[in-house]
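Colleague:
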Amino acid sequence: MNAVLFDVALTAYILAAAAAIGSFAGRREQLGWVALLLTQAGFVCHTAAVILRGMELRRLPFMTMAEVISLVIWAVILVDLWVERRHRIGPLSAFVLPVVLALGLGLPTGLRSIALEPPVPTGWVVVHVTLVLVGLAALVVNFGGALMYLLQERQLKARRPGKIYYRLPPLETLDRLTVATLTVGFPFLTVGLALGVFSARAAWGSVMTFDPLALLSLLMWVIYAAILVGRVMGRWRGRRAAYFSIAGFCVMLVTLGAGVFLHGRHGS
Amino acid sequence: MFVAGMNHRTAPVELREQLALEEEKIREILADLAGRGLLEEIMILSTCNRVEVYGVAAVPGEARSLAFGRLASQRGLAWRDLEPLVYTVTGEEAALHAFRVAASLDSMVLGEPQILGQVKDAFALAQSVGTAGPVLHALMSQAFGAAKRVRSETEVGRLAVSISYAAVELARKIFEGLEGRSVLLVGAGEMSELAARHLVDQGALPVYVANRAWSRAQELARSLGGTPVPFDQMDATLALVDIVITSTAARAPIVTTAAVRAALQARRGRPLFLIDIAVPRNVDPAVNDLENAFCYDIDDLRSVVESNLKERQREAVRAQGLLEQEVVKFMARLQQLEVVPTIVSLREKLEAIRRAELDRALARLPGSGEETRRVMEALSQSIVNKVLHAPMVKLKDSSRAGHGRRWTEVISELFGLRAPGRSGPPE
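First to last, the protein sequences are chains X and U. Heads up: the first sequence begins at 1 in my numbering, then just goes up one per residue. Heads up: the second sequence begins at 1001 in my numbering, then just goes up one per residue.
Here is the structure:
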């Protein structure tokens, strides 16, 4: 049942993504409203799906990689909806939703396969996953912002207003968005990963184990840390920070992919 | 209902300016024309780019000749000289034209904001003279509503089509808002000062003014509410401001790449927007290659304006669609206004006659059963409908063509109806 609800949510997100891109590219405001409604509807279904899954499987619904990714998507949509409402950055969805879909494509099958041996969630693991989740969600939006920033900057530098010029928010707004999402996401990620290391030591005995997910996560963390440091030192505003945000996000994608497809200690 | 006139497209400015009249004169002409009996309603719109007559008349052609003849004779011109330059539209087309004019789709600069006020004034004038009646009232109020819709639902009026506004618009694309953004104005000149003024109007401050002539710098600073800066301190000031406008007569660039680079470093990467209106350019073009610096010269600004104009034209197409919807609504309203009360009265009257006669006839047929009654009912009903058919169609068609009022009066008289309500359009 929860898988069905999830499929509905995913379908809603797909339609919303199409509408958001259409609204952005074609400058039709009504499509923007459609996208917003679909996203909200999908979000409600998604929330219900998650809760139902927990109830049906009688455990916390973020123990398998598929479930975790589903929740990352959920958190990303939440952040996206919030940013769009609070800071009125309309086109954000057009950049974030397709990413969400890329993340979510393998999920319907993933969610249907129930892990035979659900790992026993100890307290800290639960917190680890939750915190990392929030961090990742913020950083996905950070990616969306970075992409928009680069597009807008290129338009302005070219000095010949192309089609995109009219639709994107001001450069500074986009920069502020990337900073905000980074400042919010990074601490969550840090503490979450640290807890992960801590739990790993407790559960697997040693910290130095070859788990692709953990190693890639470390790489990702280093990249975001570098961006933060660069910004604080005042040398990495704007374009460079945006490039690194994109790099960080790519590593994130690989990380999550590894978690699903490779068999390390994180098991799915 | 008709509109006749000439605008910047059909007549040269020398002719248009001759027909541009002051309010008092227009008042006189309106009163005079209304008194001649050819026009039921009339309004004259006279701006530097158009002279148009909006009216309601049984024979628009004659009315138009009369009106323009009167206007022409004011300045010693003859109607036949003007005739080839004057366009005339009636009915639905007239409504569309009126809406287009009010929404600034017919203006020389698409989307300009003054025309709406001018149309409102012209209408108010006609109202005060008493030559604006229910049809023009309905037309104008719908036109104002339509213009408002176009302004708010399309981008027709929003994008900058002048160099100085384009500069401000670009600043808004870089910075989140203009409040508190500091500006440096180097040199002087109409366009640069205008741009600086627009920025200040939108909240930019503080404003620094640099000029080779100290007195000029002081003067400009005073008028903009800013601070004069010695010319040799210009480079240092670059680090303090967000927006730089340059417009000096220097033959070689006065703002160098090195200076901007230093300023950017001091600003810790916050963006710097340079508007270089001068020819030859005051800012080294290589500055635009620096990260976080955005430098636009006069050609760039012109291409922004051109691009905006194209956008406006695209938006104008959308606006047209919107206006066509409004025209449909207006025509329906016109019908309501002119014709429906008469149609209702006519039906009511004939129905009353039918009932009365039917009852009388039935009373003379004692013992008539249900069947008889039904047949008689059907007979009388059918006669009434067939008789009414032609007048109804005529009323509806004439209303669509915009001269329904004449016919409603005729029919009211012929059938002895109460005069349809003349108290104004349904609001």
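Every residue, glycine too, gets a C-beta built ideally from N, C-alpha and C.
Tell me the rounded alpha-carbon separation between P170 of chain X and A25 of chain X.
Modeller: One-based indexing of the first sequence puts residue 170 of chain X at position 170. One-based indexing of the first sequence puts residue 25 of chain X at position 25. When rounded, the distance between both Cα atoms is 17 Å.
Colleague: Let me confirm a value: M1108 of chain U is counted as buried when at least 16 other C-beta atoms fall within 10 Å, else exposed. Which label applies?
Modeller: Sequence index remark: in the second sequence, residue 1108 of chain U carries index 108 (1-based). So M1108 of chain U counts as exposed.
Colleague: Distance cutoff 9 Å, beta carbons only. Does Y1087 of chain U sit that close to anything in chain X?
Modeller: Translated into the one-based positions of the second sequence, residue 1087 of chain U becomes position 87. Cβ-Cβ to chain X under 9 Å: no for Y1087 of chain U.
Colleague: Based on DSSP bridge pairs, tell me the residues matched to A1210 of chain U.
Modeller: For the purposes of this step, residue 1210 of chain U is taken as residue 210 along the second sequence, with counting starting at 1. DSSP, once it has assigned bridges, lists U:V1186 and U:V1229 as partnering A1210 of chain U.
Colleague: To the nearest angstrom, how far is it from the Cα of L116 of chain X to the Cα of F6 of chain X?
Modeller: By one-based count along the first sequence, residue 116 of chain X stands at place 116. By one-based count along the first sequence, residue 6 of chain X stands at place 6. Confidence is the limiting factor: at L116 of chain X the pLDDT is only 43, short of 50, which leaves the residue's position unreliable, though a coordinate-based value still follows. Straight-line Cα distance between these residues: approximately 21 Å.
Colleague: Do three or more CB pairs link the segment 1154 to 1162 of chain U to the segment 1077 to 1093 of chain U at distances below 8 Å?
Modeller: As far as the Cβ criterion goes, the segment 1154 to 1162 of chain U does not touch the segment 1077 to 1093 of chain U, which means the pair count is below three.
Colleague: Which chain U residues are close to P170 of chain X, counting only those with a beta carbon under 7 Å from its beta carbon?
Modeller: Position 170 of the first sequence, counting from 1, holds the residue named residue 170 of chain X. Near P170 of chain X (Cβ distances below 7 Å), the residues of chain U are R1172, K1173, I1174, F1175 and E1176.
Colleague: Return the CA-CA distance between K157 of chain X and A1236 of chain U, expressed in angstroms with no decimal places.
Modeller: Taking the first residue of the first sequence as position 1, residue 157 of chain X is located at position 157. Taking the first residue of the second sequence as position 1, residue 1236 of chain U is located at position 236. Cα to Cα, the separation comes out at about 24 Å.
Colleague: Please tell me whether L1194 of chain U and S1164 of chain U are closer than 9 Å, where the distance is taken between their beta carbons.
Modeller: Taking the first residue of the second sequence as 1, we reach residue 1194 of chain U at position 194. Taking the first residue of the second sequence as 1, we reach residue 1164 of chain U at position 164. In contact: L1194 of chain U and S1164 of chain U (Cβ atoms closer than 9 Å).
Colleague: Are the CB atoms of V1003 of chain U and H1137 of chain U within a distance shorter than 9 Å?
Modeller: Locating residue 1137 of chain U in the second sequence gives position 137, where the first residue counts as 1. Locating residue 1003 of chain U in the second sequence gives position 3, where the first residue counts as 1. It is not a contact, given that the beta carbons lie outside the stated cut-off.
Colleague: Looking only at DSSP bridge pairs, what is I1044 of chain U linked to?
Modeller: As a working mapping, residue 1044 of chain U is identified with position 44 in the second sequence. Paired residues: U:V1053.
Colleague: Are the segment 1275 to 1295 of chain U and the segment 1222 to 1236 of chain U touching by the rule of at least three beta carbon pairs closer than 8 Å?
Modeller: The answer is no - the segment 1222 to 1236 of chain U does not touch the segment 1275 to 1295 of chain U, with fewer than three Cβ pairs under 8 Å.
Colleague: Going by CA-CA distance only, name the one from X:R231, X:S245 and X:M233 that's closest to I223 of chain X.
Modeller: Reading the first sequence from its first residue, position 223 is the one you call residue 223 of chain X. Here the closest residue by C-alpha is X:S245.
Colleague: Would you list, in sequence order, the uninterrupted alpha helix (DSSP H) runs of no fewer than 4 residues that lie entirely inside the segment 1060 to 1117 of chain U?
Modeller: DSSP runs (the alpha helix (DSSP H)) wholly in the segment 1060 to 1117 of chain U: 1060 to 1074, 1079 to 1082 and 1091 to 1102.
Colleague: Applying a beta-carbon distance threshold of less than 7 Å, which residues of chain U neighbour T173 of chain X?
Modeller: Reading the first sequence from its first residue, position 173 is the one you call residue 173 of chain X. What T173 of chain X touches in chain U: E1176.
Colleague: Give the DSSP bridge partners of L1272 of chain U, in chain order.
Modeller: Position 272 of the second sequence, counted from the first residue, corresponds to residue 1272 of chain U. Partner(s): U:A1293.
Colleague: Between A1126 of chain U and E1028 of chain U, is the Cβ-Cβ spacing less than 9 Å?
Modeller: As a position in the second sequence, residue 1126 of chain U is number 126, starting the count at 1. As a position in the second sequence, residue 1028 of chain U is number 28, starting the count at 1. For A1126 of chain U and E1028 of chain U, no; Cβs fall outside 9 Å.
Colleague: Taking the continuous alpha helix (DSSP H) assigned at N1385 of chain U, which residues delimit it?
Modeller: Locating residue 1385 of chain U in the second sequence gives position 385, counting from the first residue. From DSSP, the alpha helix (DSSP H) with N1385 of chain U extends over E1370 to A1401.
Colleague: Could you list which residues in chain U have their beta carbon closer than 9 Å to that of R239 of chain X, in chain order?
Modeller: Counted from its first residue, the first sequence places residue 239 of chain X at position 239. By Cβ distance, chain U contributes E1291 and N1292.
Colleague: Should V1051 of chain U and L1071 of chain U be called a contact, given that it needs their Cβ atoms to be closer than 9 Å?
Modeller: Walking along the second sequence from the start, residue 1051 of chain U turns up at place 51. Walking along the second sequence from the start, residue 1071 of chain U turns up at place 71. Closer than 9 Å, so yes.
Colleague: Tell me which same chain residues have a C-beta within less than 7 Å of the C-beta of A1263 of chain U, skipping the five on either side of it?
Modeller: Numbered from 1 along the second sequence, position 263 holds the residue referred to as residue 1263 of chain U. Cβ neighbours of A1263 of chain U beyond the five flanking positions: L1238, A1239 and L1272.
Colleague: How should W1214 of chain U be labelled, buried or exposed, when 16 other C-beta atoms within 10 angstroms of its C-beta is the threshold for buried?
Modeller: Taking the first residue of the second sequence as 1, we reach residue 1214 of chain U at position 214. Result: exposed.
Colleague: Give me the residue from X:T178, X:V197, X:V100 and X:A49 with the minimum Cα distance to L15 of chain X.
Modeller: In the first sequence, the residue the question calls residue 15 of chain X occupies position 15. Taking only the C-alpha atoms, the option nearest L15 of chain X is X:V100.
Colleague: Nearest chain X C-beta to N1049 of chain U closer than 9 Å, yes or no?
Modeller: Locating residue 1049 of chain U in the second sequence gives position 49, where the first residue counts as 1. For N1049 of chain U, the answer is no, since every Cβ of chain X falls outside 9 Å of its Cβ.
Colleague: Is V254 of chain X helix, strand or coil by DSSP?
Modeller: For this step, residue 254 of chain X is matched to residue 254 along the first sequence. V254 of chain X falls in the helix class under three-state DSSP.
Colleague: Going by beta carbon distance, what residues of the same chain come within less than 6 Å of D1242 of chain U, once the five residues before and after it are set aside?
Modeller: The residue given as residue 1242 of chain U occupies position 242 in the second sequence. Closer than 6 Å at the Cβ level, and outside the excluded window around D1242 of chain U, lie R1181 and S1182.
Colleague: Measuring straight from C-alpha to C-alpha, what distance separates G1133 of chain U and V1053 of chain U?
Modeller: Working through the second sequence from its first residue, we reach residue 1133 of chain U at position 133. Working through the second sequence from its first residue, we reach residue 1053 of chain U at position 53. Going from the Cα of G1133 of chain U to the Cα of V1053 of chain U covers about 14 Å.
Colleague: Please confirm if the segment 122 to 141 of chain X is in contact with the segment 178 to 194 of chain X, defined as three or more CB-CB distances below 8 Å between the two stretches.
Modeller: Yes, since at least three Cβ pairs between the segment 122 to 141 of chain X and the segment 178 to 194 of chain X fall closer than 8 Å, the two stretches touch.
Colleague: Look at the alpha carbon of R1268 of chain U and the alpha carbon of G22 of chain X, and state the distance between them as a whole number of angstroms.
Modeller: Within the second sequence, the letter at position 268 stands for residue 1268 of chain U. Within the first sequence, the letter at position 22 stands for residue 22 of chain X. Approximately 37 Å between the Cα atoms of the pair.
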